[in-house]
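Trainee: Protein chains in written order, with my numbering: chain A, 129 to 451; chain B, 113 to 665.
Yeah, the Cβ is synthetic: ideal placement off N, Cα and C, and Gly gets one too.
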């Protein structure tokens, strides 16, 4: 087990190094230079040169790369060109907003998805099943921004039930983490985007659960449980569902990994100040340090969550072992 | 079929073909063979913007290319990412024929220096310079230099007028259109807004005059662009600055009529063309209670010069030294007479508190999260990507009426429109996208009854630029012809729904900039393809047997 773990972690570091290298060169191969976005094109040539100097972009690509890797080892991602602050600070701020939204949506999607998915398999062939599948696939395939806009139009504009956008009412931000996130105003702003996001996410746990349940239901021990006269719902949730959960867990772990990139369109529609939007603007602004840091952190988290999923397998299913 | 017959048919065909070809040539070539004509007009590319970035520029580049194709020029319009376009225009290769781009109408550009000197003087025609048309005219250069050194306003205006006439004759670029700043605010909650060309509603005066009509005394100003940071030495975003100038005071502010008025200064005196004395208003304090002194003023200017702040480099370059002459007066010694000094330099540089900034080792990197200035508003909080909250500074010598304002950042204009409809925001700080202007104007079902639509003319402009270093654009008559091939009304009436102003050849100081605009320009500002053809013929351009345009011999 330990051997396996060490090997995996070793490979992970190697991958992060390779990914970072790729990201570094990809950004610098992009046409256009960052000064165009940071300063107005009307500034004098000397000032532009000076700015390039300050950013270290006048060095050769190889020297830049050496500095980049040296800093990376110390987990220093440099200062964002646009914000003039450490890139990692910006990411921390935005990540909190993104993760709260994504995890809230995930909890809802996975809880409901698993429960309904199991029930769907149990009631295979009924109208309920076909309705649920249609429902899930509809929201999976409809563009999230469109669903978001409709939700805003109906819930916020038409009925005025919930705030339309943003993370909090204007002028109420600031303060400590709990002052910023643990209050009713924030919660009210969270509801609508969470619902829209979970409608989009729900198809995955729902369908995976249904398929894996169908497999489990053909197992002998279910037949056995039935023969023993155990109540239907008890067989469903105690005996079958627990064993059918495995693939859902993997999907869930990988979901968290990808969730930190956020749902860009959703963040735009709801003006949610999350990381997804930040990544897009960082790339278009050629804000190399910020964009690099975002992508490196995302890939590291995805790899880490993969590892966690593998380990969880062994934990949930005693038949799997890494020895 | 006999050989004779075959050759007869072949011969007939040949004659017919030749007749046909000469007919295509439009008759102008007559019996002159192609070899005797001038060089072929080279194949040309107009670099334009991507349709999603600027639809009007994209369409207009296509239009002009089609017009020139009809005149027998091998030309295409090629859309290009903005960053890449800038790279091409400012890069070392200078490898381009023509392009469409624009200059935004920032307030300091009301001073004619930018749109006369910076973008047309031959000094700036080199690599990286702003004269991307590579226009070089010694007579014009002399005027561009003279206006910069003329401290007398009326005389300077005459020089600027004359310079504009030269540009209109030379057509170094063709202005396609200027946009109108269409903006909106909630008229049921606030009144007394001031609308300024180039800046619109969220300028440096509206916060002073804005008057609440309800209990809501803190308006929410919506933005769809992010603010970078709130350190005056490093902030580069337009909206960073529009807010910073309310936190930090300046010696001079430009009045709503765009005239410089002494502000933190009590007065200024032009001692000599290159020596300016500024007397500081007395009794001012910073937000932390410390007095504002001449030492602070000198310190601020020195700091901006020392730190070589890119954004202000061109305004500060003329300053030789700043000295304190008495307890209320600061003397600016200039390297040379510089007319925009009062309107641009004094009206741009913020006064920083020396007692805070002198101890900071790396001012450009300083976060300045508790910005202390001496302006009309105090910083309460800046939440990156979300909002900037300011409150009124009660000790200010001319305190605003509103108790503060919130500058809220949205992810998209659509989000702002919803917030406007719901009454969550009270004013926009950017130009509405045309679709939203229409929506608010149409006011379906009275949804926008509470909004007032405002219009100001932008002083910036969008244009078709040429590389005058290359044929055929090195030929003035050719550029004039292109000015007649540009459909200015199409740009304004069709593409902009009429929200804007017409362009014209060599036109850079638009009408909205009333004081400096010469009413006799532009000269070439009508769409007339026949006239274009005439000009080209008169200039010696010819067409070969394939109908392709040839350069004059």
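Quick check on the burial criterion: 16 or more other C-beta atoms within 10 angstroms. Buried or exposed for residue 370 of chain A?
Mentor: Looking at its Cβ environment, which holds fewer than 16 other Cβ atoms inside 10 Å, residue 370 of chain A is exposed.
Trainee: Could you check whether the Cβ of residue 346 of chain B sits closer than 8 Å to any Cβ belonging to chain A?
Mentor: Interface residue, yes.
Trainee: Between which residues of its own chain and residue 351 of chain B is the CB-CB distance below 6 Å, once the five residues before and five after are set aside?
Mentor: 335, 337, 339, listed in sequence order.
Trainee: Can you give me the start and stop residues for the alpha helix (DSSP H) that residue 321 of chain A sits inside?
Mentor: That run of the alpha helix (DSSP H) goes 312-329.
Trainee: For a contact defined as C-beta to C-beta under 7 Å, what are the partners of residue 496 of chain B on chain A?
Mentor: By Cβ distance, chain A contributes 211, 218, 221.
Trainee: Starting from the beta carbon of residue 230 of chain A, find every residue of chain B whose beta carbon is closer than 9 Å, and list them in chain order.
Mentor: None at all; the shortest Cβ gap to chain B is about 17 Å.
Trainee: Contact criterion: CB-CB distance below 8 Å. Does residue 161 of chain A meet it with respect to chain B?
Mentor: Yes, because at least one Cβ of chain B sits closer than 8 Å to the Cβ of residue 161 of chain A.
Trainee: Nearest chain B C-beta to residue 176 of chain A closer than 8 Å, yes or no?
Mentor: Chain B contact via Cβ: present.
Trainee: Which two residues bound the contiguous alpha helix (DSSP H) that contains residue 573 of chain B?
Mentor: Unbroken run through residue 573 of chain B is the beta strand (DSSP E), 573-578; no alpha helix (DSSP H).
Trainee: Might you give, ordered along the chain, the residues of its own chain that have their beta carbon closer than 6 Å to the beta carbon of residue 385 of chain A, omitting 5 neighbours on each side?
Mentor: Result list for residue 385 of chain A: 429, 430, 433, in chain order.
Trainee: In chain order, what residues of the same chain lie with their CB nearer than 8 Å to the CB of residue 314 of chain A, ignoring the 5 residues before and after it?
Mentor: Excluding residues within five positions, the ones whose Cβ falls inside 8 Å are 295, 296, 308.
Trainee: Please name the residue, chosen from B:287, B:236, B:265, that lies closest to residue 591 of chain B on a Cα-to-Cα basis.
Mentor: The option with the nearest alpha carbon to residue 591 of chain B is B:287.
Trainee: Using a Cβ-Cβ cut-off of 6 Å (strictly less than) and excluding sequence neighbours within five positions of residue 250 of chain A, which residues of its own chain qualify?
Mentor: 364, listed in sequence order.
Trainee: Any idea which residues DSSP pairs residue 362 of chain B with across the strands?
Mentor: Its beta-bridge partners are B:462.
Trainee: In three-state DSSP terms, what is residue 379 of chain B?
Mentor: Reduced to three states, the DSSP call for residue 379 of chain B is strand.
Trainee: What residue from A:320, A:360, A:380, A:290 has the CA that sits closest to residue 275 of chain A's CA?
Mentor: Considering only alpha carbons, the answer is A:320.
Trainee: Could you list which residues in chain A have their beta carbon closer than 8 Å to that of residue 522 of chain B, in chain order?
Mentor: In chain order: 293, 294, 399.
Trainee: Identify which residue in B:649, B:604, B:619 has its Cα closest to the Cα of residue 292 of chain B.
Mentor: Minimum Cα distance to residue 292 of chain B is reached at B:604.
Trainee: From the DSSP secondary-structure annotation, give me the bridge partner or partners of residue 335 of chain B.
Mentor: Per DSSP, B:521.
Trainee: Does DSSP put residue 138 of chain B in a helix, in a strand, or in coil?
Mentor: In this prediction, residue 138 of chain B scores a pLDDT of 45, lower than 50, which makes its location untrustworthy; no coordinate-derived value is stated.
Trainee: With 8 Å as the C-beta to C-beta threshold (strictly closer), list the residues of the stretch 324-342 of chain B near chain A in chain order.
Mentor: Listed by position along the chain: 330, 332, 338, 340, 341.
Trainee: Starting from the C-beta of residue 230 of chain B, find all residues in its chain whose C-beta is less than 7 Å away, skip the five residues before and the five after it, and write them out in chain order.
Mentor: Here the set comprises 236, 242.
Trainee: Out of B:494, B:429, B:486, B:240, which has the shortest C-alpha to C-alpha gap to residue 361 of chain B?
Mentor: Of B:494, B:429, B:486, B:240, the residue nearest in Cα terms is B:486.
Trainee: So what does DSSP say about residue 358 of chain A, is it helix, strand or coil?
Mentor: Coil, per DSSP.
Trainee: Taking only beta carbons into account, state which residues of the stretch 262-281 of chain A come closer than 7 Å to chain B, listed in chain order.
Mentor: So the list reads 280, given in the order they occur along the chain.
Trainee: Please compile the residues from chain A whose C-beta is within a distance smaller than 9 Å of the C-beta of residue 518 of chain B.
Mentor: The contacting residues are 298, 299.
Trainee: Short of 8 Å in beta carbon distance, which residues of its chain neighbour residue 141 of chain B, apart from the five on each side in sequence? Order them along the chain.
Mentor: With a pLDDT of only 46 at residue 141 of chain B, under 50, the local geometry of the prediction cannot be trusted, and the value read off the model is given with reservation. So the list reads 134, 149, 654, 655, 656, 657, once near-sequence residues are dropped.
Trainee: If contact is defined by three or more beta carbon pairs under 8 Å, each pair taking one atom from either stretch, is the stretch 537-555 of chain B in contact with the stretch 426-436 of chain B?
Mentor: In short, these stretches do not touch, since the Cβ pair count stays below three.
Trainee: Assign residue 444 of chain B to one of three DSSP states: helix, strand, or coil.
Mentor: Three-state result, residue 444 of chain B: strand.
Trainee: When burial is assigned at 16 or more other CB atoms within 10 Å of the CB, is residue 408 of chain B buried or exposed?
Mentor: Residue 408 of chain B is buried by the Cβ-count criterion.
Trainee: Would you verify that the beta carbon of residue 530 of chain B is, or is not, closer than 8 Å to some beta carbon of chain A?
Mentor: Judged by the 8 Å Cβ criterion, residue 530 of chain B is in contact with chain A.
Trainee: Nearer than 7 Å: is that true of the beta carbon of residue 292 of chain A relative to any heavy atom of the ligand COA?
Mentor: Only the bare structure without any ligand can be found here, which leaves the ligand COA out of the picture.
Trainee: Short of 8 Å in beta carbon distance, which residues of its chain neighbour residue 355 of chain B, apart from the five on each side in sequence? Order them along the chain.
Mentor: Closer than 8 Å at Cβ, skipping near neighbours: 339, 342, 500, 502, 519.
Trainee: Report back the beta-carbon spacing between residue 277 of chain B and residue 554 of chain B to the nearest angstrom; my notes put them in contact at under 8 Å.
Mentor: The Cβ separation is near 42 Å, so there is no contact.
Trainee: Comparing C-alpha positions only, which one of B:314, B:313, B:329, B:491 sits nearest to residue 301 of chain B?
Mentor: Ranking the options by Cα distance to residue 301 of chain B, first place goes to B:329.
Trainee: Would DSSP call residue 297 of chain B helix, strand or coil?
Mentor: Residue 297 of chain B: strand per DSSP, three-state reduction.
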